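Heads up, the thing below is written out as structure tokens.
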Amino acid sequence: MIEMSKGNIVLGAEPSGKLQAIEQVGEILVREGFIRPAYIDSMKRREEVANTFLGNGISIPHGLPENRDDILKTGVAVLQVPNGVTWNPGEIVHLVVGIAAKSDEHIEILTNLTHVLDDAETVENLTATNDPADIARALSGDAGAKSRPGPVLDVSGFDHSVDVPVINPHGLHARPATFFVDIAKQFESEIYVEYDGRSGNGKSLASLLKLGVSSGKTIRLHGKGADASQALAALKDAVDAGLGEKEEEKSVAQAAHGWVPSEVKRTVPGCTASPGLACGPIRQFTHRRIVVEAVAKDPEFEISELTHAIASAKSNLRLLYNEVRSRSGEPQAAIFRAHEAFLDDPELLAETRDRIKNGNSAGYAWRQAIEDRVRAMEQHDDEVLAARAMDLRDVGRRVLRHLAGVLQDEPFTTDKPVILAAEDLTPSDTALLDPARILGFCTASGGPTSHSAIIARSLGIPAIVAAGPAILRIEDGTMAILDGDSGNLYLEPSQADIAAAEETRQRIEEERNEEYRTRYEPALTLDGERVEVVANIGKANEAAKAVEGGGEGVGLLRTEFLFLDRETPPDEDEQYQSYKAMVEDLNGLPIIIRTLDIGGDKAVSYLDLPAEDNPFLGERGIRLCLNRPELFLVQLRAIYRASKHGPLRIMFPMIATLAELEAAKRLAEKARIEVGADPVPIGIMVEVPSAAVMAVEFAREVDFFSVGTNDLTQYVMAMDRVHPTLAMHADSLHPAVLRLIDQVVRAADGAGIWTGVCGGLAGEPLGAVILAGLGVKELSMVIPSIASVKAKLRSISMEQARELAQQALACSDNNQVRALKLP
Ligand code: PEP
Ligand code: MG
Numbered sequence: 001m002i003e004m005s006k007g008n009i010v011l012g013a014e015p016s017g018k019l020q021a022i023e024q025v026g027e028i029l030v031r032e033g034f035i036r037p038a039y040i041d042s043m044k045r046r047e048e049v050a051n052t053f054l055g056n057g058i059s060i061p062h063g064l065p066e067n068r069d070d071i072l073k074t075g076v077a078v079l080q081v082p083n084g085v086t087w088n089p090g091e092i093v094h095l096v097v098g099i100a101a102k103s104d105e106h107i108e109i110l111t112n113l114t115h116v117l118d119d120a121e122t123v124e125n126l127t128a129t130n131d132p133a134d135i136a137r138a139l140s141g142d143a144g145a146k147s148r149p150g151p152v153l154d155v156s157g158f159d160h161s162v163d164v165p166v167i168n169p170h171g172l173h174a175r176p177a178t179f180f181v182d183i184a185k186q187f188e189s190e191i192y193v194e195y196d197g198r199s200g201n202g203k204s205l206a207s208l209l210k211l212g213v214s215s216g217k218t219i220r221l222h223g224k225g226a227d228a229s230q231a232l233a234a235l236k237d238a239v240d241a242g243l244g245e246k247e248e249e250k251s252v253a254q255a256a257h258g259w260v261p262s263e264v265k266r267t268v269p270g271c272t273a274s275p276g277l278a279c280g281p282i283r284q285f286t287h288r289r290i291v292v293e294a295v296a297k298d299p300e301f302e303i304s305e306l307t308h309a310i311a312s313a314k315s316n317l318r319l320l321y322n323e324v325r326s327r328s329g330e331p332q333a334a335i336f337r338a339h340e341a342f343l344d345d346p347e348l349l350a351e352t353r354d355r356i357k358n359g360n361s362a363g364y365a366w367r368q369a370i371e372d373r374v375r376a377m378e379q380h381d382d383e384v385l386a387a388r389a390m391d392l393r394d395v396g397r398r399v400l401r402h403l404a405g406v407l408q409d410e411p412f413t414t415d416k417p418v419i420l421a422a423e424d425l426t427p428s429d430t431a432l433l434d435p436a437r438i439l440g441f442c443t444a445s446g447g448p449t450s451h452s453a454i455i456a457r458s459l460g461i462p463a464i465v466a467a468g469p470a471i472l473r474i475e476d477g478t479m480a481i482l483d484g485d486s487g488n489l490y491l492e493p494s495q496a497d498i499a500a501a502e503e504t505r506q507r508i509e510e511e512r513n514e515e516y517r518t519r520y521e522p523a524l525t526l527d528g529e530r531v532e533v534v535a536n537i538g539k540a541n542e543a544a545k546a547v548e549g550g551g552e553g554v555g556l557l558r559t560e561f562l563f564l565d566r567e568t569p570p571d572e573d574e575q576y577q578s579y580k581a582m583v584e585d586l587n588g589l590p591i592i593i594r595t596l597d598i599g600g601d602k603a604v605s606y607l608d609l610p611a612e613d614n615p616f617l618g619e620r621g622i623r624l625c626l627n628r629p630e631l632f633l634v635q636l637r638a639i640y641r642a643s644k645h646g647p648l649r650i651m652f653p654m655i656a657t658l659a660e661l662e663a664a665k666r667l668a669e670k671a672r673i674e675v676g677a678d679p680v681p682i683g684i685m686v687e688v689p690s691a692a693v694m695a696v697e698f699a700r701e702v703d704f705f706s707v708g709t710n711d712l713t714q715y716v717m718a719m720d721r722v723h724p725t726l727a728m729h730a731d732s733l734h735p736a737v738l739r740l741i742d743q744v745v746r747a748a749d750g751a752g753i754w755t756g757v758c759g760g761l762a763g764e765p766l767g768a769v770i771l772a773g774l775g776v777k778e779l780s781m782v783i784p785s786i787a788s789v790k791a792k793l794r795s796i797s798m799e800q801a802r803e804l805a806q807q808a809l810a811c812s813d814n815n816q817v818r819a820l821k822l823p
């Protein structure tokens, strides 16, 4: 039993903010011999990944599990803050209960706290008291769980029940209990949790915490209602999976450079897309003006379009809500519920329909109806209403995007360096940007393999993606630190944080400079094996930059750049001139030209591609080229003409069947003969699972393989690479992807051909080493990664890489692979 003594309690504290409050309560724990000072930092870091606000003016800061060695003995300290300290926007704390728990003895204190939590009057008294003994009494001794049992549940009306052990190392403490409650609340049925002869309402955090469930103990879930069996199944799965605690460990493990913020106003978690730190003001990138026709002939059709657009917007919002809630908690996610409610407003819908019946298009009618309301709200001198206007505009745009016929570019200009916040960035958006002025990107949607992430890496600037639409509401000029390693955007950081982040950024830059200095040295491992390190490029002038960046050639030329942002396709001569210039810029180094990979998330207006329900599973890449041989042959002829000027290889994207490969090779041969060129090596992207599985057969037909891990991952995991919430889980280091690559390499070796990798995984240091260890001979990546990957490969032996690769293959998920230590 933990006894609270007066020494553990400090009254009348006035911390300037949450982090200072944590420091002060941490200092009590240090002073009383419970923790080493280093644990205070760990307590601060936990706030980055979890909300320790318990409710009713109480918070329970504690450190991360991996720093438990800094706990000397289990103990609890209390900081009384009579004037309150803001924990999160709208959440004020008066009692900061710092916890140092070596195992789970503190659960008892938590249980006692939840009795207090129920009782606003006691919290008020404890906030005002001048006697620390009042606080000590409330939290220890006979206030224990056993002395105040929860009600015993009468289970007679409950027709469903299931037993499940709680695996969380610290039992059902605040965070997993919150996770549980969030799930329970999604169901209509009544949910009760029975433990040790007592019961608690599964939809009430306080009630669950009161049970004081410790690790390894079994709880019984009871359900009553129409969806009780689904509710219990979902809850059992969630409890079995650790109630969200694994995710926390993962996000902590990602901060590679060691910098952590100490005092920031707000943290927006996202998904890491390009490493590094950036400090500077935010600038919103409103990249597209949504253009809609004013009039439309067929009101019925327009109304059905409107219905579809609203349904799609709602489904986006639901996904966002779930994702943000599991990542950041209910308060942060609630806004998306509110947005969804806007879409059910009967007046708004009736007015839009009336406008449509009067001859307007759905998009125009919707925009007008929204704009009228936004203007009316903005006219009020009331901050809350003004914020609602912003929300309405946001949700209005969300629907409009689904209705939009045309998106029109607006030029983006900035005279000082900024961190860009955008919904997403398409390849053509970047054409409008000046990379020299962009310190970092942060996008609301997208994923680590979306093109916006690839763009960020290719520009060599830190970026995070999938940060949610909250970033679109950050005001221009707000100071921020973007951490591309941990995937967090920190808003309004303290001067000390800016200085520390800047120092870290400079250190990283110095390390990069050193790698850059040695970029022309080959990637020769310590035991003398060579891996070719080449570049992915997608612009005319990048071939020269690839060489300049240390590339030993080009492993992937994405030829789409020639086809985007224009009214007609480039003719043979234009393409030839372009490819020839690149071949010449490479000055004898090889280039792999990938034939057109349009479709999916890369659209081209003049090709009149039909709208696809599932663009990534539709007419894309080689499928499109085979269906339009005239387009394909022009490109193939241009490539073969360029092959006369230097070493060039041809690669087909999205090959799924042997028949496609055969048809593509036949057209290539026709083009070759037409222009009188010599044969060149022909390879395929292995990015569709069928090609990986049939690698033995494909290996007989081609000269090389290049694995496209971006697409291979999305297809293997069935997770859209640009999906706003799934994309971040589509990790190419998942063993499912690695085992397929292993299979591909072995098939290639068996046939005497080589395997390269040109997806994003090749440019990650850990990915590069694992791939080399699997036997991949050529790694193709964005130019800024070349120098560091080469340096990494030079620092290890191939033997070590093979060992690491075998360990990775044996892992059961991507987090385990990411936790492997690079030699
Ligand atoms: C891939 O899919 O891994 C790849 C390199 O191609 P892209 O990203 O252009 O689809
Ligand atoms: Mg691809």
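When you number the sequence shown by full-length UniProt numbering, it's gap-free, plus one each residue, and the end is 823.
Even for Gly, the Cβ is constructed at its ideal location relative to N, Cα and C.
On a predicted model such as this, the values are computed, not experimentally measured, just so you know.
Checklist entry - residue 834: beta carbon under 6 Å from a heavy atom of the ligand PEP? => result This structure does not reach residue 834, given that the chain is present from 1 up to 823, and the question cannot be answered.
Checklist entry - Quick one: does the C-beta of H708 sit closer than 6 Å to a heavy atom of the ligand MG? => result Sequence check: residue 708 is Gly here, not His. Checking the Cβ of G708 against the ligand MG gives yes.
Next on the checklist: Taking its Cβ as the centre, do 16 or more other Cβ atoms sit within 10 Å of E47, making it buried, or is it exposed?
Outcome noted: The residue in question, E47, is buried, as its Cβ has 16 or more Cβ neighbours within 10 Å.
Item to check | C-beta atoms of I219 and Y195 nearer than 7 Å | outcome: The Cβ atoms of I219 and Y195 lie closer than 7 Å to each other.
Next on the checklist: Under 8 Å, with one C-beta from each stretch per pair, do the segment 306-320 and the segment 348-365 reach the 3-pair mark?
Outcome noted: A contact exists between the segment 306-320 and the segment 348-365.
Checklist entry - From I191, D678 and E662, pick the residue whose C-alpha is nearest to that of V702; which is it? => result Nearest C-alpha to V702: E662.
Item to check | Close Cβ partners of L348 (< 8 Å) along its chain, the five nearest in sequence each way excluded | outcome: If you ignore the 5 residues before and after L348, its C-beta comes within less than 8 Å of the C-beta of F342, A369, I370 and R373, all in its own chain and listed in chain order.
Next on the checklist: Looking at G468: is its Cβ nearer than 7 Å to the Cβ of A444?
Outcome noted: With contacts defined as CB atoms closer than 7 Å, G468 and A444 qualify as a contacting pair.
Checklist entry - Quick one: is the Cβ of D711 within less than 6 Å of any heavy atom of the ligand MG? => result Under cutoff, so the answer is yes.
Checklist entry - Nearest-angstrom Cα distance between P689 and P570? => result In this structure, the straight-line span from the alpha carbon of P689 to that of P570 is close to 32 Å.
Next on the checklist: On the DSSP letters alone, give me the boundaries of the alpha helix (DSSP H) that G756 sits inside.
Outcome noted: Looking at the DSSP string, G756 is not in any alpha helix (DSSP H); the run it does join, the beta strand (DSSP E), is W754 to V757.
Next on the checklist: the ligand MG and R687: does the residue's C-beta get closer than 6 Å to at least one heavy atom of that ligand?
Outcome noted: In the sequence as displayed, the identity of residue 687 is Glu instead of Arg. Using a cutoff of 6 Å, the CB of E687 counts as near the ligand MG, since one of the ligand's heavy atoms is closer than that.
Checklist entry - Is any heavy atom in the ligand PEP found nearer than 6 Å to the beta carbon of C758? => result Yes, the ligand PEP has a heavy atom inside 6 Å of this Cβ.
Next on the checklist: Under 8 Å, with one C-beta from each stretch per pair, do the segment 767-778 and the segment 739-750 reach the 3-pair mark?
Outcome noted: Because the criterion of three Cβ pairs below 8 Å is met, the segment 767-778 and the segment 739-750 touch.
Item to check | From G683, L624, S207 and A21, residue whose alpha carbon lies closest to that of W87 | outcome: Ranking G683, L624, S207 and A21 by Cα distance to W87 puts A21 first.
Checklist entry - Hey, which unbroken runs of the beta strand (DSSP E) at 3 residues or more fall wholly within the UniProt domain "HPr" (159-246)? => result Taking only runs of at least 3 residues, the beta strand (DSSP E) segments lying wholly in the UniProt domain "HPr" (159-246) are 160-165, 190-195, 198-201 and 218-224.
Next on the checklist: Looking only at its chain, what residues have a beta carbon closer than 6 Å to the beta carbon of P299, apart from the 5 residues adjacent to it on each side?
Outcome noted: Here the set comprises I356 and K357.
Checklist entry - How about G708 and M694: are their beta carbons less than 7 Å apart? => result Not a contact, by the Cβ cut-off of 7 Å.
Checklist entry - Where does D497 fall in DSSP's three states? => result Residue state, collapsed to three classes: helix.
Checklist entry - Does the ligand PEP have a heavy atom nearer than 6 Å to the CB of R620? => result No - the ligand PEP has no heavy atom lying nearer than 6 Å to the Cβ of R620.
Checklist entry - What are the complete beta strand (DSSP E) segments, minimum 3 residues, inside the segment 680-723? => result As far as the segment 680-723 is concerned, its whole beta strand (DSSP E) runs of at least 3 residues are 682-686 and 704-707.
Item to check | For R628, three-class secondary structure by DSSP | outcome: Of the three classes helix, strand and coil, the one that applies to R628 here is coil, per DSSP.
Checklist entry - So, is A145 buried or exposed, given that buried needs 16 or more other C-beta atoms within 10 angstroms? => result Summary for A145: the model assigns pLDDT 38, below 50, so the residue's position carries little reliability, and this model does not support an answer.
Checklist entry - Between the C-alpha atoms of G141 and I191, what's the straight-line distance to the nearest angstrom? => result Per-residue confidence for G141 stands at a pLDDT of 49, beneath the threshold of 50, marking its modelled position as unreliable; no derived number is given.
Item to check | Where G55 sits in the DSSP three-state scheme | outcome: G55: strand per DSSP, three-state reduction.
Item to check | Extent of the continuous alpha helix (DSSP H) run through T352 | outcome: Per DSSP, the continuous alpha helix (DSSP H) segment holding T352 begins and ends at P346 to K357.
Checklist entry - In whole angstroms, what is the alpha-carbon distance linking L11 and I438? => result Rounded to whole angstroms, L11 and I438 show a C-alpha spacing of 47 Å.
Checklist entry - Would you say the segment 58-73 touches the segment 31-46, given that touching needs at least three Cβ pairs under 8 Å? => result Yes: the two stretches touch, three or more of their Cβ pairs being nearer than 8 Å.
Checklist entry - How should V295 be labelled, buried or exposed, when 16 other C-beta atoms within 10 angstroms of its C-beta is the threshold for buried? => result It counts as exposed.
Next on the checklist: Can you determine whether any heavy atom of the ligand PEP sits closer than 6 Å to the C-beta of R457, and answer yes or no?
Outcome noted: Not a single heavy atom of the ligand PEP lies less than 6 Å from the C-beta of R457.
Checklist entry - Do L221 and V193 have their C-beta atoms within less than 7 Å of each other? => result The Cβ-Cβ distance between L221 and V193 falls below 7 Å.
Next on the checklist: Within a Cβ cutoff of 8 Å, which residues of the same chain sit near E510, ignoring the five residues on either side of it in sequence?
Outcome noted: Closer than 8 Å at Cβ, skipping near neighbours: no residue.
Item to check | Boundaries (first-last residue) of the beta strand (DSSP E) holding V533 | outcome: V533 -> beta strand (DSSP E) spans R530 to I537.
Checklist entry - Are the segment 548-567 and the segment 796-813 touching, with three or more C-beta to C-beta distances below 8 Å? => result The segment 548-567, when compared against the segment 796-813, does not touch it at the 8 Å Cβ threshold.
Next on the checklist: So the candidates are W366, F441, M377 and D391; which of them puts its Cα closest to the Cα of A404?
Outcome noted: Of the listed residues, the one whose Cα sits closest to A404 is W366.
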